[in-house]
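Since the structure comes first, as structure tokens, the remarks are kept for the end.
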Ligand code: HEM
């Protein structure tokens, strides 16, 4: 295995390199910076400086991003988005943190997990997800206002992933707080490490219990499946894998629910059209995923060998950022890309990534989004923002784009 150079090796003092990430333009929290349009046209692989201090190659065109993410020479090892954090000091990936593992180390874990999230399995969960969405809507309907983040968008995916894993949902306030720290761009390394430790300790204890007495839940099945392969998962491996699934399983989807509602509420005609044709929610969700691209800075990779990306030589030891929001706004694939067009065929959007690490939970996320949005449209026809969007609290600097709070009335 190629060694990962500590980041200090790649820090440069060249002051001409533009900073990454570029901020969203003033005015519309759903737009992405015009720089991306220029880069796609003129300089599809460009040099940028990440907050961690290292320079990287920023890849902005749709097909180039697909190629980067599918290329085994561009490693995920130690290359998570946290590497863009200023405090990054270089570390080996935790055992079980499959999003940062490559090759057989990664596929061994992925094989254990994917069966839990197949399209068929998730389709069978739809009535259960609907019930959870209805329960939260019932609770909201006992009043006349709510915070859509706290009262609807976070609890639905959070409860679903807890139930799937076999994690008691009543413990969610603690791990929701910690998982927000892990996806925040602003938390320092020590705060993030403490949050990871708390989550792993909590899950480690639960795993010990499942090893002693298995139940009908994902944790017990992962233990059993791994044992059947002759390579049992260690408790640290399994607790890291569970933390990843828990965090990935609700932060992203919750932010998609609130941002989708925010953008829909801005355009009453579009909202009315979707309410009148709920059967179109499948493609509508794919277009919302494309347009909003909540993994808002992109995915980081690390070259383990020299590789040519769209004609540019990337040397072994250099970093590459696949700018998902830019690829999703590439006009050669999505005409008029800056317009949200719910009738568009956006099936091939990049929001769930591409290649060996493509999102394990994408079917689940899509069904949760479909159920959450149609339930709100049907049961809260008078729903509106209690505060104008321009005064809303957007997570412009977090790894996952979203809203911190979303006060609504109906
Ligand atoms: C709208 C919601 C979601 C979005 C936008 C999203 C996005 C992504 C992306 C872009 C990746 C690829 C990361 C990379 O290549 O480095 C990924 C991986 C992953 N996602 Fe999601 N995700 C979502 C929901 C979910 C859900 C509901 C789960 C459920 C458990 C989940 C679990 C995972 C896991 C475990 C991985 C790692 C896969 C691997 O390394 O092989 N995600 N996700």
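Numbering (full-length UniProt numbering), first residue to last: 1 to 410. Just so you know, even glycine gets a beta-carbon here, dropped at the ideal spot from N, CA and C. Model, not experiment: these values are computed from the prediction.
>> Determine whether the beta carbon atoms of residue 325 and residue 32 lie at a separation below 8 Å.
In response: As a working note, residue 325 is residue 325 in the chain shown. As a working note, residue 32 is residue 32 in the chain shown. Cβ atoms of residue 325 and residue 32: closer than 8 Å.
> Taking 7 Å as the cut-off, does the CB of residue 359 come closer than this to any heavy atom belonging to the ligand HEM?
Replying inline: In the chain shown, the residue the question calls residue 359 occupies position 359. It does: the Cβ of residue 359 is within 7 Å (strictly closer) of some heavy atom of the ligand HEM.
>> Which of the three DSSP states is assigned to residue 125 in this structure?
In response: Translated into the one-based positions of the chain shown, residue 125 becomes position 125. The answer is coil: DSSP assigns residue 125 none of H, G, I, E or B.
> Between which two residues does the beta strand (DSSP E) harbouring residue 312 extend?
Replying inline: Counting from 1 along the chain shown, the entry for residue 312 is found at position 312. From DSSP, the beta strand (DSSP E) with residue 312 extends over 312 to 314.
>> According to DSSP, residue 407 sits in a beta bridge with which residue or residues?
In response: Your numbering for residue 407 matches position 407 in the chain shown. 147.
>> For residue 19, which residues in the same chain have their Cβ closer than 6 Å to its Cβ, ignoring the five residues on either side in sequence?
In response: By 1-based counting over the chain shown, the position of residue 19 is 19. Hits under 6 Å: 49.
>> Can you give me the C-alpha to C-alpha distance between residue 105 and residue 16, rounded to a whole angstrom?
In response: Translated into positions along the chain shown, residue 105 becomes position 105. Translated into positions along the chain shown, residue 16 becomes position 16. Using only the alpha carbons, I get a separation of about 39 Å.
> What is the rounded straight-line gap between the Cα of residue 412 and the Cα of residue 297?
Replying inline: Residue 412 is absent from the structure shown; the chain starts at 1 and stops at 410.
> How do the stretch 292 to 308 and the stretch 316 to 324 stand: do at least 3 beta-carbon pairs fall below 8 Å, yes or no?
Replying inline: yes
> Under the rule that 16 or more other beta-carbon atoms within 10 Å means buried, what is residue 158, buried or exposed?
Replying inline: Within the chain shown, the letter at position 158 stands for residue 158. By the neighbour-count rule (16 or more Cβ atoms within 10 Å), residue 158 is buried.
>> Quick check on residue 96: buried or exposed, where buried means 16 or more other Cβ atoms within 10 Å of its Cβ?
In response: By 1-based counting over the chain shown, the position of residue 96 is 96. Answer is buried; the Cβ neighbour count reaches 16.
> Between which two residues does the alpha helix (DSSP H) carrying residue 163 extend?
Replying inline: On the chain shown, residue 163 is found 163 positions in, with the first residue counted as 1. Where residue 163 is concerned, the enclosing alpha helix (DSSP H) stretches over 155 to 165.
>> Could you tell me the alpha carbon to alpha carbon distance between residue 88 and residue 189, rounded to whole angstroms?
In response: In the chain shown, the residue the question calls residue 88 occupies position 88. In the chain shown, the residue the question calls residue 189 occupies position 189. With a pLDDT of 38 at residue 88, under the threshold of 50, the predicted position of this residue should be treated as unreliable, though the coordinate-derived value follows. Approximately 7 Å between the Cα atoms of the pair.
>> Does the beta-carbon of residue 256, which I'm using as the reference point, lie nearer than 7 Å to any heavy atom of the ligand HEM?
In response: By 1-based counting over the chain shown, the position of residue 256 is 256. Result yes, Cβ under 7 Å from the ligand HEM.
>> Is residue 356 close to the ligand HEM? I mean its beta-carbon at under 7 Å from any heavy atom of the ligand.
In response: Here residue 356 corresponds to residue number 356 of the chain shown, with the count starting at 1. It does: the Cβ of residue 356 is within 7 Å (strictly closer) of some heavy atom of the ligand HEM.
>> For residue 390 and residue 27, I'd like the C-alpha separation in whole angstroms.
In response: Mapped onto the chain shown, residue 390 falls at position 390. Mapped onto the chain shown, residue 27 falls at position 27. Approximately 7 Å between the Cα atoms of the pair.
> Is residue 287 near residue 199, with beta carbons less than 8 Å apart?
Replying inline: Within the chain shown, residue 287 is the residue found at index 287, counting from 1. Within the chain shown, residue 199 is the residue found at index 199, counting from 1. Cβ atoms of residue 287 and residue 199: not closer than 8 Å.
>> Considering only DSSP beta bridges, list what residue 394 is partnered with.
In response: Indexing the chain shown from 1 puts residue 394 at position 394. 403, per the DSSP bridge assignment.
>> Please confirm whether residue 273 has its beta-carbon closer than 8 Å to some beta-carbon of chain C.
In response: Absent here is chain C; the protein component of the structure consists of one chain.
> What's the gap between the Cα of residue 73 and the Cα of residue 160?
Replying inline: Here residue 73 refers to the residue found at position 73 of the chain shown. Here residue 160 refers to the residue found at position 160 of the chain shown. Whole-angstrom Cα-Cα distance: 35 Å.
> Is residue 61 near residue 38, with beta carbons less than 8 Å apart?
Replying inline: Here residue 61 refers to the residue found at position 61 of the chain shown. Here residue 38 refers to the residue found at position 38 of the chain shown. No, these two residues do not count as a Cβ contact at 8 Å.
> Could you give the residue range of the beta strand (DSSP E) that holds residue 302?
Replying inline: Taking the chain shown and counting its residues from 1, the one referred to as residue 302 is at position 302. 299 to 303 is the extent of the beta strand (DSSP E) around residue 302.
> If you count every other CB in all the chains shown that lies within 10 Å of the CB of residue 276, and 16 or more means buried, which is it?
Replying inline: In the chain shown, the residue the question calls residue 276 occupies position 276. Under this definition residue 276 is an exposed residue.
>> Which same chain residues end up closer than 6 Å to residue 328 when comparing Cβ atoms and leaving out the 5 residues on each side of it in sequence?
In response: Counting from 1 along the chain shown, the entry for residue 328 is found at position 328. Excluding residues within five positions, the ones whose Cβ falls inside 6 Å are 290, 293, 349, 350.
>> Between which residues of its own chain and residue 386 is the CB-CB distance below 7 Å, once the five residues before and five after are set aside?
In response: To locate residue 386, count along the chain shown from 1; it is residue 386. Closer than 7 Å at the Cβ level, and outside the excluded window around residue 386, lie 145, 407, 408, 409.
> Where does residue 346 fall in DSSP's three states?
Replying inline: Locating residue 346 in the chain shown gives position 346, where the first residue counts as 1. In the structure shown, residue 346 sits in coil (DSSP, three-state: anything other than H, G, I, E or B).
>> To test your reading of the DSSP string, which unbroken alpha helix (DSSP H) runs of 4 or more residues are found completely within the stretch 252 to 307?
In response: 268 to 276, 281 to 292
> Roughly how far, in whole angstroms, is the beta-carbon of residue 182 from the beta-carbon of residue 197, given that I think they are within contact range, below 8 Å?
Replying inline: Residue numbering aside, residue 182 sits at position 182 when the chain shown is read from its first letter. Residue numbering aside, residue 197 sits at position 197 when the chain shown is read from its first letter. Going by Cβ atoms, the distance from residue 182 to residue 197 rounds to 11 Å, so no, they are not a contact pair.
> From which residue to which residue does the alpha helix (DSSP H) around residue 178 run?
Replying inline: Locating residue 178 in the chain shown gives position 178, counting from the first residue. That run of the alpha helix (DSSP H) goes 172 to 182.
> Which of helix, strand or coil does DSSP assign to residue 338?
Replying inline: Position 338 of the chain shown holds residue 338. Coil at residue 338, not helix or strand.
> Exposed or buried, which one is residue 165 when buried takes at least 16 other CB atoms within 10 Å?
Replying inline: Working through the chain shown from its first residue, we reach residue 165 at position 165. Counting Cβ neighbours within 10 Å, residue 165 comes out buried, since at least 16 surround it.
>> Considering only DSSP beta bridges, list what residue 47 is partnered with.
In response: Residue mapping note: residue 47 aligns to position 47 of the chain shown, counting from 1. For residue 47, which the question treats as bridged, DSSP gives the partners 57.
> Got a sec? Which residues, its chain only, sit under 6 Å from residue 365 by beta carbon, not counting five neighbours each side?
Replying inline: Looking up residue 365 in the chain shown gives position 365. Same-chain partners within the cutoff: 253.
>> Within a Cβ cutoff of 6 Å, which residues of the same chain sit near residue 250, ignoring the five residues on either side of it in sequence?
In response: Taking the first residue of the chain shown as position 1, residue 250 is located at position 250. Once the five neighbours on either side are set aside, the close Cβ partners of residue 250 are 157, 158, 161.
> Between residue 362 and residue 131, what straight-line distance do the alpha-carbon atoms span, to the nearest angstrom?
Replying inline: One-based indexing of the chain shown puts residue 362 at position 362. One-based indexing of the chain shown puts residue 131 at position 131. Roughly 20 Å separates the two Cα atoms.
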